[in-house]
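Engineer: Once you've had a glance at the structure underneath, I'll fire off some questions.
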Amino acid sequence: MKILVVDDEQDVQILFEQRFRKEIKNGDFVFVFAFSGEEALEYLNKHEHEAVLILSDINMPGMSGLQLLEVIKTKYYKPPPTVMMITAYGDAENFNTAKQLGADDFLTKPVDFISLKEKLKTIQ
Amino acid sequence: MKSFIKIFLLCLLPAFSIAQIDRTWGYVTAKQADSLKRSVLTEKNDTIKMAAYRSLGFYYQEAIPDSGLYFHEKHLALAKKLNMKLWLADAYSQTGFTLTFTRNLTKAYEYHTEAMKLAGDEKSEADNWRPWTFSNSKNSHEARIAILGMNYQMMGNLWGALGDREKQKAYYLEGAKLGESINNGKVVFLSYNNLLGTFPSDSAILVTNKALKFAEASNFPRISGALLRLAINYADKKMWDSAFVFAQKAITNAKANNNLNGLVGHYKEVSLLFARQNNKDSCLYYAKKVLETAEVTGVPRHFVEAYRSLSNANQLNNKTDSAFKYEQLAHKLFDSLNNIRLANITKYQNFAFNEQLRLKKMDEEKTAYANNLKMMGLLAVLGGILVVAFILYHNNRQKQKANAVLESTLANLKSTQSQLVQSEKMASLGELTAGIAHEIQNPLNFVNNFSEVSAELTKELVDEVDKGNTDEVKAIAKDLKSNLEKINHHGKRAADIVKGMLQHSRSSTGQKEPTDINALCDEYLRLAYHGLRAKDKSFNATMKTDFDESIGNINIIPQDIGRVVLNLINNAFYAASLPSKGGFPESDKIHEPTIWVSTKKVGDKVLISIRDNGPGIPSSIKEKIFQPFFTTKPTGQGTGLGLSLSYDIVKAHGGELKVETKEREGSTFIIKLPVV
Chain A
1 MKILVVDDEQ DVQILFEQRF RKEIKNGDFV FVFAFSGEEA LEYLNKHEHE
51 AVLILSDINM PGMSGLQLLE VIKTKYYKPP PTVMMITAYG DAENFNTAKQ
101 LGADDFLTKP VDFISLKEKL KTIQ
Chain B
1001 MKSFIKIFLL CLLPAFSIAQ IDRTWGYVTA KQADSLKRSV LTEKNDTIKM
1051 AAYRSLGFYY QEAIPDSGLY FHEKHLALAK KLNMKLWLAD AYSQTGFTLT
1101 FTRNLTKAYE YHTEAMKLAG DEKSEADNWR PWTFSNSKNS HEARIAILGM
1151 NYQMMGNLWG ALGDREKQKA YYLEGAKLGE SINNGKVVFL SYNNLLGTFP
1201 SDSAILVTNK ALKFAEASNF PRISGALLRL AINYADKKMW DSAFVFAQKA
1251 ITNAKANNNL NGLVGHYKEV SLLFARQNNK DSCLYYAKKV LETAEVTGVP
1301 RHFVEAYRSL SNANQLNNKT DSAFKYEQLA HKLFDSLNNI RLANITKYQN
1351 FAFNEQLRLK KMDEEKTAYA NNLKMMGLLA VLGGILVVAF ILYHNNRQKQ
1401 KANAVLESTL ANLKSTQSQL VQSEKMASLG ELTAGIAHEI QNPLNFVNNF
1451 SEVSAELTKE LVDEVDKGNT DEVKAIAKDL KSNLEKINHH GKRAADIVKG
1501 MLQHSRSSTG QKEPTDINAL CDEYLRLAYH GLRAKDKSFN ATMKTDFDES
1551 IGNINIIPQD IGRVVLNLIN NAFYAASLPS KGGFPESDKI HEPTIWVSTK
1601 KVGDKVLISI RDNGPGIPSS IKEKIFQPFF TTKPTGQGTG LGLSLSYDIV
1651 KAHGGELKVE TKEREGSTFI IKLPVV
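Those sequence lines, one after another, are chains A and B. In terms of the working numbering, the first sequence has 75 at position 75, counting the first letter as 1, and numbering is strictly consecutive. In the working numbering, each residue carries its 1-based index in the second sequence increased by 1000.
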């Protein structure tokens, strides 16, 4: 399963690679990383339908996670991939907006990787 | 033709000049008087004129006192005008003498007093024009003493007229002494003559002869009084021949000198002499002469003498009716005169008393005035000093009060200002808090995650060691090392954010330090962005940066400039998002809120530009934006101090803060800082 992680923090890549070390090794998951919304869209345009799951941060310079979500869910991809939003602000407003725009799940930072793994396994 | 000859003859008449009366004490004959009266009218020289008036005064003073007074007053006026002290003294003296005749005793006293002052002052001797007029000497000192001596005589006469014989005698004697001191025949003669006239003496003939010798020696013409007294004295001794000879001499002399006053007395005395001899006709004859003379002078006193003489003569001639009639006339006139005299005396006594009082009072007043003046001066100075002192004191107090008020106001202002600055800092810190929390949250997450994952890796590491899978062990160890570095990196990142926050809230230490302006701008841009995102979840804006990497470090107070940058970025975000909220009238226009932060080195300056694509600043308020408390934000959302403080901070760095703006297109704030 190909998972696209979108976050402006580049260290997220290392973190994910280490956290999902075994899974990557076993070939359960394939992670690709984009460091902005724009970069994510670019990837999706090039590799349509490859990414089954998108994990996106909300607060990013430029295109925000929510904007990215809106684009993914409404305009381009059919069937749209599963999109999980991750934010440092676990407030109701962000949560509601994300839900309205069609986010499949909503995670707050710090990310609980154990529960994330569980969720990913169910999707798989 | 006839009149022409007359005029011609008149012109030939030798004009009598004043020089000719030099040796006659100024006394003139009737002819000379006539000539003088004519010449004085055309005389241009005031001095000559004065001397002429003096002689004319002399000529008339004992004949027709009113006329004498007329000339003497002119004489006096000129002496005053010329301010010739001796002549003036003499003029006062002579005019006073004439005033005594006209019975204006008060004024006579004034004039004699004035003459006394002038002639008593040695300084008057500076006037030495024709001093021989007064003393038969070229010496002005002698002239002055002579004038003084004469004035004593006249003062004596005045006191005689007032009935004070004691004073009269004293003045005569004093005058005689003065006359003798300068051997002046006129003064000595007049003194003795006057004395004898008032105070009869057994040795009268001897003294009179002595006096006459003085007169002769000094060429003094008016000696009829002395001559008559000799006549009376001889008559007393029954030496009738001598008596009549001297009586005749006296009459001749009086006539020659136009001494009508003397003549009245002389005729009266001669009439009496004849009465004593029982020579009725001669007695009546001279009595009539008295009346004739009185009719010439018109002096009332002379009429009294005339009536008495006539009464006496008629009595002798057994004409009782006429005698009674004249006696009545004399009595009546005498009474009226006496009343005048009494009135004059009373007036005079009052005057004299008042004069004394006045002089005393004047003296006292002078002293009092001087004292008063001193006192007043002293008081005025004291008052002035007091006023000045009070003003100074008052001013000082006012100043102190004002200073105290100013100082407390200043202290209040300073404390208010520092409070405002602090509250502005805290307000901006508040705006930052959410951003800071987010900024700290991220590195902390990494720290936690990397440490957790490292703990898992350690377990795996042990497993792989047990398996003896050396390659895998190496790979894990490498990851562990990398993780620890990440933990360290993010820990530092969090620490830096906390440090920056503390610096932001701390009061400025005022310490400039080399600062990477690009990093500073970047940091505050992120803080501002996350701060706004934290407050307003729907907020978003595009941020574009363009940093000039060639700038390097510049010397600034980082927290202060950071505050400025933060403030400008916050404003830019606020402005950029305004059009989306109805800031532009065309609500359908697609607007992407964007801000641009750029740095650029231009010469020795660094420019930090913060641009937004907001509505721009209307020109009407462009001038006001740097003023304290000016804000366009809704009440409660802005302090209005941000730009004002920013402006001050940039200025304190020797830089400039400028704004370029275009309505509907946005604004650019440019911080220009010196590199050094």
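Cβ atoms here follow ideal geometry from the backbone N, Cα and C, with glycine treated the same way.
Among A:Asp8, A:Met1, A:Ile14, A:Ile3, which residue has its Cα nearest to the Cα of Lys1481 (chain B)?
Structural biologist: Comparing Cα-Cα distances from Lys1481 (chain B) to each of A:Asp8, A:Met1, A:Ile14, A:Ile3, the minimum goes to A:Ile14.
Engineer: Check whether the Cβ atoms of Met85 (chain A) and Leu53 (chain A) lie closer than 8 Å to each other.
Structural biologist: no
Engineer: Kindly give me the distance between the Cβ atoms of Asn1726 (chain B) and Ala1254 (chain B), rounded to whole angstroms, as I take these residues to be in contact under 8 Å.
Structural biologist: It is not possible to answer for residue 1726 (chain B), since the shown part of chain B is limited to 1001 through 1676.
Engineer: Pull out every residue of the stretch 4–28 of chain A whose Cβ sits closer than 7 Å to any Cβ of chain B, in chain order.
Structural biologist: Going along the stretch 4–28 of chain A in chain order, one finds Glu9, Asp11, Ile14, Leu15, Gln18, Arg19 with a Cβ nearer than 7 Å to chain B.
Engineer: Which residues bound the alpha helix (DSSP H) around Ile1205 (chain B)?
Structural biologist: Following the DSSP letters along the chain, one finds Ile1205 (chain B) inside the alpha helix (DSSP H) bounded by residues 1204–1217.
Engineer: Quick check on Arg1533 (chain B) - is its C-beta less than 8 Å from some C-beta in chain A?
Structural biologist: yes
Engineer: Among B:Gly1562, B:Asn1555, B:Thr1631, which has the Cα closest to the Cα of Tyr1574 (chain B)?
Structural biologist: B:Thr1631
Engineer: Which two residues bound the contiguous alpha helix (DSSP H) that contains Ala1030 (chain B)?
Structural biologist: 1030–1042
Engineer: Mind listing which residues of the stretch 1514–1533 of chain B have their C-beta closer than 8 Å to chain A's C-betas, in chain order?
Structural biologist: Listed in sequence order: Tyr1529, His1530, Arg1533.
Engineer: Any residues in the stretch 87–105 of chain A with a beta carbon nearer than 9 Å to a beta carbon of chain B? Which ones, in chain order?
Structural biologist: Ala88, Tyr89, Asp91, Glu93, Asn94, Thr97
Engineer: Is Ala1370 (chain B) near the ligand FMN, judged by its Cβ being under 7 Å from some heavy atom?
Structural biologist: As far as ligands go, the structure on display features none, and thus does not contain the ligand FMN.
Engineer: So, is Arg1023 (chain B) buried or exposed, given that buried needs 16 or more other C-beta atoms within 10 angstroms?
Structural biologist: In this predicted model, Arg1023 (chain B) has a pLDDT of only 49, less than 50, meaning its place in the structure is not dependable; the value taken from the coordinates is given anyway. Exposed.
Engineer: Check Lys1633 (chain B) in the structure and name its three-state DSSP category.
Structural biologist: When secondary structure is reduced to three states using DSSP, Lys1633 (chain B) falls in the coil class, being assigned neither helix nor strand.
Engineer: Rounded to the nearest angstrom, what separates Leu1527 (chain B) and Ile1436 (chain B) at their Cα positions?
Structural biologist: 6 Å
Engineer: Which word fits Arg1358 (chain B), buried or exposed, when buried means at least 16 other C-beta atoms lie within 10 angstroms of its C-beta?
Structural biologist: exposed
Engineer: Report the rounded CA-to-CA distance for Gly1068 (chain B) versus Ile1145 (chain B), giving the unit in angstroms.
Structural biologist: 24 Å
Engineer: Would you please verify whether the beta carbon of Pro110 (chain A) is less than 8 Å from any beta carbon of chain B?
Structural biologist: Yes - at least one Cβ of chain B is within 8 Å of the one on Pro110 (chain A).
Engineer: Quick one: which chain A residues come within Cβ less than 7 Å of Gln1441 (chain B)?
Structural biologist: Ala88, Lys109
Engineer: Taking beta-carbon pairs under 7 Å, can you tell me which members of the stretch 41–68 of chain A lie near chain B?
Structural biologist: Those residues of the stretch 41–68 of chain A that come within reach of chain B (Cβ to Cβ, closer than 7 Å) are Asn59, Pro61, Gly62, Ser64.
Engineer: Might you give, ordered along the chain, the residues of its own chain that have their beta carbon closer than 8 Å to the beta carbon of Thr1515 (chain B), omitting 5 neighbours on each side?
Structural biologist: Asn1553, Ile1554, Asn1555, Ile1556, Pro1558, Ile1561
Engineer: Under DSSP, the alpha helix (DSSP H) around Leu1673 (chain B) begins and ends at which residues?
Structural biologist: Counting along the chain, Leu1673 (chain B) falls outside any alpha helix (DSSP H), though it belongs to the beta strand (DSSP E) covering 1666–1674.
Engineer: Tell me the residue span of the alpha helix (DSSP H) that contains Leu1162 (chain B).
Structural biologist: 1140–1162
Engineer: Going by the CB atoms, is the gap between Leu1260 (chain B) and Glu1043 (chain B) shorter than 8 Å?
Structural biologist: no
Engineer: For Leu1457 (chain B), which residues in chain A fall below 8 Å Cβ to Cβ?
Structural biologist: Gln18, Arg21
Engineer: Name the chain A residues whose beta carbon is nearer than 7 Å to that of Asp1479 (chain B)?
Structural biologist: By Cβ distance, chain A contributes Gln18.
Engineer: Taking 8 Å as the threshold, find out whether the stretch 1302–1314 of chain B comes into contact with the stretch 1280–1294 of chain B through three or more Cβ pairs.
Structural biologist: Touching, yes, given that three or more Cβ pairs across the two stretches are closer than 8 Å.
Engineer: Please list, in chain order, the chain A residues whose beta carbon lies closer than 7 Å to that of Thr1542 (chain B).
Structural biologist: Chain A residues near Thr1542 (chain B): Gly62.
Engineer: Under 9 Å Cβ-Cβ, which residues of chain A neighbour Phe1450 (chain B)?
Structural biologist: Asp11, Ile14, Leu15, Gln18
Engineer: Ser1271 (chain B) to Asp1321 (chain B), Cα distance in whole Å?
Structural biologist: Those two C-alpha atoms are separated by around 19 Å.
Engineer: Classify His1490 (chain B) as buried or exposed, calling it buried when 16 or more other Cβ atoms lie within 10 Å of its own Cβ.
Structural biologist: buried
Engineer: So what's Met944 (chain B) in DSSP terms, helix, strand or just coil?
Structural biologist: Because chain B in this structure spans residues 1001 to 1676, residue 944 (chain B) falls outside the shown range and cannot be described.
Engineer: Which residues does DSSP list as the beta-bridge partners of Ile1497 (chain B)?
Structural biologist: The partner list for Ile1497 (chain B) (beta bridge, DSSP) is empty, contrary to what the question assumes.
Engineer: Can you list, in chain order, the residues of its chain with a C-beta nearer than 8 Å to that of Ile1476 (chain B)? Leave out the 5 residues immediately preceding and following it.
Structural biologist: Result list for Ile1476 (chain B): Leu1457, Glu1460, Leu1461, Glu1464, in chain order.
Engineer: Any Cβ of chain A within less than 8 Å of the Cβ of Asn1445 (chain B)?
Structural biologist: yes
Engineer: Would you mind giving the Cβ-Cβ distance between Thr1594 (chain B) and Ala1576 (chain B), rounded to the nearest angstrom? I have them listed as a contact below 8 Å.
Structural biologist: 6 Å
Engineer: Does any residue of chain A have a CB that is nearer than 8 Å to the CB of Val1453 (chain B)?
Structural biologist: yes
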